[in-house]
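Line by line, the protein sequences are chains A and B. In this text, residue positions in the first sequence follow the UniProt record's numbering: the first is 1, and each later residue adds one. In this text, residue positions in the second sequence follow the UniProt record's numbering: the first is 1, and each later residue adds one. For glycine and all other residues, C-beta sits at the position ideal for the given N, C-alpha and C. Keep in mind that this is a model prediction, so the values were computed, not measured.
2 protein chains.
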Amino acid sequence: MAEAAPQESAPDSTAAPDDPLIEALRGLLGERLSTARAVREHHGDDLSFHAMAAPDAVAFAQTTEEVAAIMKFCAEHSRPVVPFGAGTSLEGQIQAPEGGVCIDLSGMQQVLEVNQADLDCRVQAGVTRKALNHHLRDTGLFFPIDPGADASLGGMAATSASGTNAVRYGTMRENVMGLTVVLADGRIIRTGGRSRKSSAGYDLTRLFVGSEGTLGIITEVQLRLYGIPEAMTAGVCSFETLAGAVDAVILTIQSGIPVARIELLDEHQVDAVNRYAKLDLPLKPTLFYEFHGTETWASEQAELAGEIAEGFGGANFQWATKQEDRNKLWQARHDVWFANLALKPGAKGWATDVCVPISRLAECILETRKDIDETGVLAPIVGHVGDGNFHLSFILDPNAPEELEKAEAVNERMVMRALSMGGTCTGEHGVGSSKKKFLQAEHGEAVSVMRQLKLALDPQNLMNPGKILTV
Amino acid sequence: MAEAAPQESAPDSTAAPDDPLIEALRGLLGERLSTARAVREHHGDDLSFHAMAAPDAVAFAQTTEEVAAIMKFCAEHSRPVVPFGAGTSLEGQIQAPEGGVCIDLSGMQQVLEVNQADLDCRVQAGVTRKALNHHLRDTGLFFPIDPGADASLGGMAATSASGTNAVRYGTMRENVMGLTVVLADGRIIRTGGRSRKSSAGYDLTRLFVGSEGTLGIITEVQLRLYGIPEAMTAGVCSFETLAGAVDAVILTIQSGIPVARIELLDEHQVDAVNRYAKLDLPLKPTLFYEFHGTETWASEQAELAGEIAEGFGGANFQWATKQEDRNKLWQARHDVWFANLALKPGAKGWATDVCVPISRLAECILETRKDIDETGVLAPIVGHVGDGNFHLSFILDPNAPEELEKAEAVNERMVMRALSMGGTCTGEHGVGSSKKKFLQAEHGEAVSVMRQLKLALDPQNLMNPGKILTV
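This is the structure:
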């Protein structure tokens with residue numbers, strides 16, 4: 001649950017001065033073990049609107065073996081462990097409500113291998129998606145998953161991140177080929193492998209993807225890569241109605257047009273973007289498109305999508321094929337978080353997401369919009385509409401707790417609405433501590449199986465306790 | 001391990017006449033519980049070359065609730081359970097070496113829902129892929145995964161099947177959205193859901209996909225569907241060398257050309273196909289292609305792939321755009337199993353597969369071919385080469401046990417070769433009983449995690465015991 005509680009600073013060290021675990025870790029890591037307040041607070045706070053909860057110490061790891069050694073010490077002393085990548089998670093994944101040790105993996109920055117012919121690579125968990133794409137710049141390859149923030153790839157695997165072009169390239173679930181994981185008892189395992197497919201035993205890779213550090217700590221990630229398309233075309237189109245925009249998306253997807261991105265901004269979101277990025281888009285429900293392919297094929301896709309949009313009241317199609325123009329357009333889309341914060345100076349943001357079958361998307365968004373307006377909170381809507389996934393960005397005055405209360409009620413109603421439509425409480429942000437309360441409603445008896453798996457792998461409940469499940 | 005042991009018929013009933021489990025199941029199912037020898041033997045034998053191992057009884061289930069009731073009885077009496085779909089598995093998945101009850105799901109034939117706008121459907125486990133596509137015939141949609149055999153969709157999920165067009169549409173892993181599963185204690189769970197993506201908790205769906213009935217019995221499957229492409233173009237091209245053919249594939253994939261299928265037949269396989277399907281393909285390494293898209297785009301893909309092939313010594317490209325011609329071509333590809341059996345009258349076949357990173361594929365196939373020739377067994381090679389996956393079909397005289405011995409040695413060397421190249425012991429056939437011995441070499445310490453999960457969900461080891469893992 002998001003909490004607006006005024007954040008009292010954590011004491012300089014919460015661990016007892018002679019804490020044997022801290023002593024052991026200091027022996028292992030030297031200056032790469034910190035108990036300084038500022039460091040601990042930074043590691044107990046995320047991008048979103050949750051109360052900071054600092055760990056007792058932060059361990060800056062550099063290798064898988066070091067993570068395993070830290071884990072063994074923590075297991076021996078029965079102390080919780082919280083993994084930390086870039087700190088960009090949104091649902092309370094990195095807070096340490098039970099204290100313990102935060103393992104910061106951001107120093108694990110090596111790209112371990114790039115296999116150009118096989119379109120794959122292996123990276124340490126701390127490499128961010130932008131750093132990887134920079135590393136790949138001369139290969140003709142790229143890693144497409146783009147959740148907006150420059151998250152670490154280990155963190156993206158841990159939360160099953162996705163973002164704008166999941167509609168074409170899939171999510172982390174489809175693009176992680178294998179993992180190196182440190183388990184609760186310090187064992188190191190390698191899951192998956194480099195072949196494109198395998199039926200050899202249980203799919204441990206996808207069990208750890210999205211497990212948010214509750215089953216093990218991801219220290220290395222094997223990823224699929226893609227050839228950079230010869231041509232990219234981007235376009236913007238505004239619609240008379242939100243239902244028209246969504247229906248255009250449904251037909252586009254059904255027609256097999258492989259859109260690389262297709263994003264919906266409601267009129268409130270367009271307004272925020274116009275102000276922030278100095279654009280003059282009509283104040284209407286708007287779709288942002290991007291198409292990848294050969295010159296001919298990207299143009300044909302754009303033309304077909306354009307015809308479909310017209311049939312549903314889409315107008316004023318603006319196309320951008322030059323990289324400069326495309327970048328300007330997509331920068332505006334990527335900046336919605338800051339555009340939204342700028343709507344209300346001094347405000348803090350709280351991002352939440354749900355995902356529904358696409359046939360219910362218009363209905364789900366419209367009812368949610370109505371609820372927002374009637375409740376009287378500020379919350380533009382933006383959506384990865386090709387997947388049926390959309391986000392609310394609540395823009396809240398940190399000094400007005402009633403705003404948070406209203407937002408929480410809107411969020412809860414939105415989640416229950418999504419579930420009643422066959423959807424999920426989170427399409428890409430994960431469960432963290434915020435959405436635990438919805439898991440039973442979504443998965444029913446299956447939650448008991450998740451709990452069995454958790455206890456089998458982490459019987460002491462040391463791995464990021466309090467996240468995803470109550471055990 | 002494949003075994004050529006002469007198959008003695010199982011006695012008419014192996015269960016004691018007053019077996020209380022059989023009595024209980026008969027009370028539940030009446031005539032849908034069989035202990036007849038012929039029925040039991042049919043259910044203990046697969047398409048491949050493994051010794052038949054009959055269960056004590058076969059239960060013909062019609063609903064999830066019935067499967068759960070059967071499972072509860074078996075748990076109460078600590079007796080093994082083996083799920084059975086269409087009986088088309090290849091690695092000893094359906095044999096019942098420890099007896100117990102085979103649950104035949106082939107009567108679970110209902111297509112429960114088709115959601116056209118959302119491109120998804122839900123089926124009972126016994127629906128076969130052809131039956132589903134027949135059901136979909138007026139919707140403009142299709143389910144693409146095609147392992148060759150008309151397998152049940154529950155069985156395809158359980159073995160993580162794929163086949164010729166996985167290179168474009170993915171495997172069962174990417175196309176199963178959710179499952180209904182009966183657990184070892186009779187609990188019924190629903191995993192996944194209808195939204196295109198979710199980060200809500202552990203990915204149970206993909207844990208059960210490929211678990212071959214060892215963690216639970218899949219009774220319903222939620223699947224992704226696709227719009228039937230406007231145009232399909234197929235083509236055949238022969239190459240001077242196998243390395244040339246594979247290099248053409250690598251560049252085609254790297255260029256982002258979304259081939260729907262790209263299959264490699266070595267010259268021995270081409271010979272078998274020519275004889276069986278009365279074709280006159282040159283006796284050379286040959287690629288079969290298929291492209292899906294709009295008219296313009298499918299043609300452009302074919303043209304681009306053709307140019308690439310030419311650069312690697314590909315010649316005699318033959319194109320087929322008419323459905324009739326495409327069908328003839330792909331029928332020949334689909335019939336390789338029978339074409340191979342026809343090479344040696346009275347022979348039995350044993351199909352095995354491995355998968356490697358595509359950059360190692362030519363090397364892996366050539367070394368395997370050399371080994372086959374030196375060892376002196378008959379084994380054409382066919383491959384889903386876009387994925388790096390290829391198959392040997394050993395064609396064996398059932399009365400010459402030395403042939404099987406040689407084949408087993410070739411298979412073992414092939415698997416170890418694939419593993420040394422970063423590959424997997426099976427790309428799509430699964431582990432069953434045959435490939436258990438390779439799991440440790442492939443996954444190392446991770447096998448201990450698989451075992452922990454197995455014991456957490458099935459502490460009595462009742463679910464398809466002896467498959468995938470030794471517990």
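What are the residues that DSSP puts in a beta bridge with residue i?
| i | result |
| --- | --- |
| A:F142 | A:Y226 |
| B:T375 | The partner list for B:T375 (beta bridge, DSSP) is empty, contrary to what the question assumes. |
| B:C102 | B:V58, B:V82 |
| B:G192 | B:G178 |
| residue 474 of chain B | Summary: the structure shown does not reach residue 474 of chain B, with chain B confined to residues 1 through 471, and so no result is reported for it. |
| B:N340 | DSSP output for B:N340 lists no bridge partner at all. |
| B:S152 | B:T128 |
| A:N389 | A:C355, A:H384 |
| A:G27 | According to DSSP, which records beta bridges pairwise, A:G27 is partnered with nothing at all. |
| A:T424 | A:C355 |
| A:G349 | A:I395 |
| A:M463 | A:V81 |
| A:L33 | A:A59 |
| A:W297 | Answer is none; A:W297 lacks a bridge partner. |
| B:A315 | B:S238 |
Please classify residue i: is it buried, with 16 or more other beta-carbons within 10 angstroms of its beta-carbon, or exposed?
| i | result |
| --- | --- |
| A:R79 | buried |
| A:D46 | buried |
| A:F338 | exposed |
| A:P147 | buried |
| A:A248 | buried |
| B:S393 | buried |
| B:G311 | exposed |
| A:E442 | buried |
| B:D18 | exposed |
If we define contact as Cβ-Cβ less than 9 Å, is residue i a contact residue for chain B?
| i | result |
| --- | --- |
| A:L153 | no |
| A:F312 | no |
| A:H50 | no |
| residue 475 of chain A | Outside the displayed range of chain A (1 to 471) lies residue 475 of chain A, so it cannot be described from this structure. |
| A:Y202 | yes |
| A:L105 | no |
| A:A456 | yes |
| residue 505 of chain A | Since the displayed chain A opens at 1 and closes at 471, residue 505 of chain A lies outside it and no answer follows. |
| A:P229 | yes |
| A:T321 | no |
| A:S34 | no |
Give a yes or no on whether 9 Å exceeds the smallest Cβ distance from residue i to chain A.
| i | result |
| --- | --- |
| B:G306 | no |
| B:E300 | yes |
| B:A418 | yes |
| B:S433 | no |
| B:D266 | no |
| B:I218 | no |
| B:V182 | no |
| B:Q124 | no |
| B:K197 | yes |
| B:N133 | no |
| B:F438 | yes |
| B:E428 | yes |
| B:N115 | yes |
| B:P357 | yes |
Taking residue i and residue j to be in contact with their CB atoms under 8 Å, please state how far apart those CB atoms are, rounded to whole angstroms.
| i | j | result |
| --- | --- | --- |
| B:D118 | A:I358 | 6 Å |
| A:L242 | A:L366 | 6 Å |
| A:V471 | A:L455 | 6 Å |
| A:G216 | A:L457 | 7 Å |
| A:V123 | A:L223 | 7 Å |
| B:W297 | A:E300 | 6 Å |
| B:G126 | B:S152 | 5 Å |
| B:A57 | B:L90 | At roughly 24 Å, the Cβ-Cβ gap does not stay under 8 Å, so B:A57 and B:L90 are not in contact. |
With a threshold of 8 Å (Cβ to nearest heavy atom), would residue i be considered close to the ligand PLP?
| i | result |
| --- | --- |
| A:L105 | The ligand PLP is absent from the structure shown, which contains no ligands of any kind. |
Which complete alpha helix (DSSP H) runs does the segment 216–293 of chain A hold, if anything under 4 residues is left out? You should have 242–254, 267–277.
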